[in-house]
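The working numbering puts the first residue of the sequence shown at 85, with every later residue one more than the last.
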Amino acid sequence: HPKPRPGQYILATLHTLRVRMHWVPAHVGIAGNEVVDTHAKEAAQDSSPLSSRIPLFETPLPTSKVAAISAGTKEFNEHWLAKWSAPP
């Protein structure tokens with residue numbers, strides 16, 4: 085008989101598990117979650133500077149994809165304007 089491979093017991097256990105899925109309403113109609121959802125949407129569209137820092141740790145704040153794209157576009161436009169506004 086071949087020797088069992090490491091991890092085979094994990095696979096055997098996985099085959100015995102049963103998973104149940106339940107639908108849970110997101111932010112709709114749940115007290116407090118409507119406010120949180122509104123703030124999350126505002127934060128996702130925020131154009132706050134990427135250089136914002138957390139005072140306690142002095143580390144960069146995580147930014148949303150929208151904020152990063154907005155900041156990059158603004159920086160590119162400023163660079164382009166400076167280059168094309170300067171005399172030759």
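Note that CB positions come from ideal geometry on N, CA and C, so glycine has one too.
As the structure is a prediction and not an experimental result, all values here were calculated from the model.
- Under the DSSP assignment, residue 123 falls in the alpha helix (DSSP H) whose first and last residues are 117 to 128.
- Taking C-beta separations shorter than 7 Å and ignoring five residues to either side along the sequence, the partners of residue 128 in its chain run 148 and 150, following chain order.
- When rounded, the separation of the alpha-carbon atoms in residue 99 and residue 93 is 10 Å.
- Within the region 143 to 167, not a single complete beta strand (DSSP E) segment reaches 3 residues in length.
- Residue 96: member of the alpha helix (DSSP H) spanning 92 to 98, first to last residue.
- Taken atom to atom, the span from the alpha-carbon of residue 170 to that of residue 125 is near 39 Å.
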